[in-house]
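Asks: Following this message is one structure expressed as structure tokens.
Chains as they are written, first to last, in full-length UniProt numbering: chain Y, 1 to 239; chain S, 1 to 239; chain G, 1 to 239.
Spelled out as structure tokens, the structure:
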């Protein structure tokens, strides 16, 4: 069933994949230009954002990474870099990129999970790998640009949750033998819609506000980044 | 001999492994809450801290990563996240987490080295991979939280040294054909004790203090992070 | 032809490889001491800088990573650490390290591309992997030290461009069946010379200056790091 799914979806999957890689790559390139990277730095960040998640998935599944075997996958981030780097107007299309990124998120959390299931991973591991496929590129990209991955901190709109929902639903469909092309597409669209709604309504996950108060009360050793006491550990020449 | 070691230890190894992953995951989750990550960010950091080292080891050894095949390994960080995120009191159990982390450090530097030896790596490479297994998760976790890995800078108590001692001793035992379950456990306990003593007595490795004085004297091009001259390279809009 | 190339170059390749790893490792160790890492932190950064690029290449090619099978590859970064950590004078040999680093860059972009071609990757993927081999170690090292990779931001002299030229030329030689030891060495020397000239004449790639002006004009949501508005998202206890 999984294999037939792969067969039917094959023709549509490839162009969709390229569009998804392109969307992620644009977001990576936007981060790079924001951090003042040069052209090749922007290109590297675009490649990392576009292909990082899939590369990690393929390394874990121990298959030849598709990012290095198919020409299209490497070309899409290159085009994204050209667009972002040389077209100053591309930066103001915030909404368009958000929608494209949400679409790629919805698609990759589904296809990543399906690929992991195809290679015999159990349901939770497949869902985890699907989420990593969808979110991983952005995380690698943030790390390279020395930003805290925006998908991880509390003050951003839901990003991981739609991917978790999508990937989880795919494993449920698989367990109930109802994973078809149609249902897979429906799950992808659901994750896409969830991300868009979260953006629109500024849905956020709760942060552990408890924590900060506790730290203040108990004088815990674990201090926050903005705590000036932390910097004092390394004596600077300024003082 | 190595294989019999594996056979005998098998039954005890698995639950111990899960405890170790849990201990590392708690430390990752604590970093995440300190940085104000949301629930899923905390979960991702816990998974990275708990499973990162072993995942890297398995990728290098080119075997199916155990983190993605066994359900227990993915569940332990999840439980750690629940504990840390929803229980504000968990943050004040500093000493307990330090001891648990030290135990996991001692165990994984031994099991990582043994696994590498089992797959035919030479002694120094096995020791290096054992150290990476023990230390790697914490490093990945720090990078994601945009902290300098605390195991690497000079102003923290010994962390890498116990792992190096443990991994090195295992390769010595292997070379002298005295690697048994009992001796392996003894080495693990030694590394554990070394880490605890280092914490207790605040042992530190020397930093290269020479360096900073040299830089000041020679006006070297390599400047330190807190050198204001470094920031001047990128003109900011503040001035 | 590729295989004969490998055969002929074998004897010379190995010592050259070690010298290249040593050169990269010294640069990593210099970053580590600048950031005040202790001895083992410095060693880890040296290993990452020296072996990171090749390790990534071998993982993608799904072959046993040479960094963990051959003793010499792990020893070279160790020697580099000893040199940098205990010899304060080593830090003032800026020019020597720049030349050595440029040599390693030229060599690894060629050998990385050749190795990828040998394993059947297509030309663009091989070139990309060659560039990653040459640049990857430094990027990993920067990430661990929480620096923005200096090869990526605009205000540093050309670093990626020589590697791209070298790797690209190797694939052209391969496509035209003129890839011999002599031509490969010539390409390596060309990349080496290009990097040295860029250092000497302070060649830089353009940054996307357009971008910052656009952001100011449109009030885009994508803000720069030094924008004070960004920090306001997380209320600090300072205020």
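For each residue, glycine too, the CB sits at the ideal point set by N, CA and C. Here the structure is a predicted model, which is why all the values come from computation and not from measurement.
#1: Quick one: give me the first and last residue of the alpha helix (DSSP H) that residue 174(S) is part of.
#2: The alpha helix (DSSP H) with residue 112(S) in it runs from where to where?
#3: Determine whether the beta carbon atoms of residue 27(G) and residue 120(G) lie at a separation below 8 Å.
#4: Drop a sphere of 10 angstroms on the beta-carbon of residue 94(G), count the other beta-carbons inside from all chains shown, and report buried for 16 or more, exposed for fewer.
#5: Identify, in the order they occur along the chain, each residue of the same chain with its Cβ nearer than 8 Å to the Cβ of residue 49(S), setting aside the five sequence neighbours on each side.
#6: Say whether chain G places a C-beta atom closer than 8 Å to the C-beta of residue 144(Y).
#7: With 8 Å as the C-beta to C-beta threshold (strictly closer), list the residues of the UniProt domain "Glycine transporter" (16-86) of chain S near chain G in chain order.
#8: Look at the alpha carbon of residue 66(G) and the alpha carbon of residue 54(G), and state the distance between them as a whole number of angstroms.
#9: With a CB to CB cut of under 7 Å and the five nearest residues on each side skipped, what residues in its chain are close to residue 211(S)?
#10: Which residue's Cα is closest to the Cα of residue 84(G): 36(G), 124(G), 117(G) and 70(G)?
#11: When you compare each of 88(G), 59(G), 79(G) and 68(G) to residue 112(G) by their alpha carbons, which one comes out closest?
#12: Does residue 229(S) get closer than 8 Å to chain G when you measure Cβ to Cβ?
#13: Which same chain residues, not among the five before or five after residue 158(G), have their C-beta less than 6 Å away from its C-beta?
#14: When the Cα atoms are used, what is the spatial distance from residue 233(G) to residue 147(S)?
#15: Can you look up residue 38(Y) in the DSSP assignment and give me helix, strand or coil?
#16: Give me the Cβ distance between residue 42(G) and residue 81(G), rounded to the nearest whole Å; I'm assuming they're in contact under 8 Å.
#17: Are there 16 or more other CB atoms within 10 angstroms of the CB of residue 86(G), so buried, or fewer, so exposed?
#18: Please report the straight-line C-alpha distance between residue 73(S) and residue 117(S), rounded to a whole angstrom.
#19: In angstroms with no decimal places, state the Cα-to-Cα distance between residue 21(G) and residue 143(Y).
#20: Just checking: is the beta-carbon of residue 124(S) within a distance shorter than 8 Å of some beta-carbon in chain G?
#21: Going by beta-carbon coordinates alone, are residue 168(Y) and residue 127(Y) separated by less than 8 Å?
#22: Might you give, ordered along the chain, the residues of its own chain that have their beta carbon closer than 8 Å to the beta carbon of residue 165(Y), omitting 5 neighbours on each side?
#23: How would you label residue 34(Y), buried or exposed, when you count the other beta carbons within 10 angstroms and need 16 or more for buried?
#24: Alpha carbons only, please: which of 124(Y), 129(Y) and 110(Y) is nearest the one belonging to residue 186(Y)?
#25: Using the beta-carbon count (16 or more within 10 Å), is residue 96(G) buried or exposed?
#26: CA-CA distance, residue 15(G) and residue 107(G)?
#27: Rounded to a whole number of angstroms, what is the C-alpha to C-alpha distance between residue 102(G) and residue 39(S)?
#28: Is there a Cβ from chain S that is less than 8 Å from the Cβ of residue 215(G)?
#29: Whose Cβ in chain G lies nearer than 9 Å to the Cβ of residue 172(S)?
Replies: So, to answer that:
#1: 160-175
#2: 94-118
#3: no
#4: exposed
#5: 24, 25, 27, 28, 29, 31, 77, 137, 138, 140 and 141
#6: yes
#7: 36, 59, 60 and 62
#8: 8 Å
#9: Residue placement at residue 211(S) is poorly supported in this model, since its pLDDT is 48, which falls under 50; the coordinates are not used for a value here.
#10: 36(G)
#11: 59(G)
#12: A caution first: residue 229(S) carries a pLDDT of 38, below 50, which makes its placement in the model too unreliable to give a value.
#13: 198 and 203
#14: The predicted position of residue 233(G) is uncertain, since its pLDDT is 34 and thus under 50; a value taken from the coordinates is nonetheless stated next. Cα to Cα, the separation comes out at about 19 Å.
#15: strand
#16: 5 Å
#17: exposed
#18: 22 Å
#19: 24 Å
#20: yes
#21: yes
#22: 190, 191 and 194
#23: buried
#24: 110(Y)
#25: exposed
#26: 12 Å
#27: 45 Å
#28: Annotation note: pLDDT 49 at residue 215(G) (below 50); position unreliable, coordinate value reported separately. With 8 Å as the cut-off, residue 215(G) does not count as an interface residue toward chain S.
#29: Simply none; closest approach about 16 Å.
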